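Have a look at the structure below, then the notes.
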Amino acid sequence: MKKIIPVLLLVLMVVIFLLSAQPADDSSLTSSHFAEFFAHILFHNYDSLSPEFQKEAVSGLTFIVRKTAHFSEYALLGFLWYLFLKNTRNGMFFSLALTFLYAVSDEFHQLFVAGRSGQFRDVMIDTTGGLFGILVAFVLLCIAHCTLHKEIVHFGTWSTENSAFNKQKSSQ
1 MKKIIPVLLL VLMVVIFLLS AQPADDSSLT SSHFAEFFAH ILFHNYDSLS
51 PEFQKEAVSG LTFIVRKTAH FSEYALLGFL WYLFLKNTRN GMFFSLALTF
101 LYAVSDEFHQ LFVAGRSGQF RDVMIDTTGG LFGILVAFVL LCIAHCTLHK
151 EIVHFGTWST ENSAFNKQKS SQ
């Protein structure tokens, strides 16, 4: 597990980089396809709606799809950074800082891609997604730790009068 987290981090960062390297037209086309898919789900009668309404619906959903993708990919990045740094001092802080720095570098990278622009709003969406992922990882690790600790404490009380071990022994 310790060796797979850095590999997953690297793979995700490469994927984010490659997605950011797409020219604006290609990126918009991908987002529009997802938006149209969701439009069919949200509007059961989508095909019978006017072409103007369809275009407006897809346009609005495209924005949501793009920003949700930003949030989600960075939530996963924050999640993985926290798993990688959880045992270090200030692991949560450094996970968020590294996620933020990668978001800044990603937006800077987009300044050099045809039709793309770096936006501070996207850095904030990315960082918020990263924070969400870090918090999810933290909560899941706390739950796992508490569950494991509870079982250890339970097994550690086998010699007391109220333990299941003694009750089972006395009923024989």
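Going by this note's numbering, the residue at position 123 of the sequence shown is 123; the numbering climbs one at a time, nothing skipped.
Glycine is no exception: its CB is placed at the ideal position from the N, C-alpha and C atoms.
Remember, predicted model here, so these are calculated numbers, not experimental data.
Here residue 98 is actually not in contact with residue 12; their C-beta atoms are around 12 Å apart, not less than 8 Å. Going by C-alpha positions, residue 90 is about 39 Å away from residue 35.
Distances from the alpha-carbon of residue 25 to those of 96, 113, 128 put 113 closest. With a cutoff of 8 Å on beta-carbon distance, residue 133 and residue 78 are scored as near each other. Here the C-alpha atom of residue 84 lies approximately 12 Å from the C-alpha atom of residue 141. By the C-beta criterion, the stretch 15 to 22 is judged to be in contact with the stretch 101 to 111, since at least 3 inter-stretch pairs fall below 8 Å. Under the three-state reduction of DSSP, residue 50 is assigned to coil, being neither helix nor strand.
Taken in chain order, the whole alpha helix (DSSP H) runs of length 4 or more contained in the stretch 109 to 134 number zero. Residues of the same chain with a CB within less than 7 Å of the CB of residue 67, apart from the 5 flanking positions on each side, are 125 in chain order.
Our two residues, residue 53 and residue 64, have alpha carbons roughly 17 Å apart in a direct line. In the DSSP assignment, residue 38 falls within the alpha helix (DSSP H) that extends over 24 to 42. Counting only the Cα atoms, residue 82 lies some 35 Å from residue 42. For the 8 Å CB-CB criterion, residue 110 and residue 32 do not form a contact.
One alpha carbon belongs to residue 120, the other to residue 150, and they sit about 44 Å apart.
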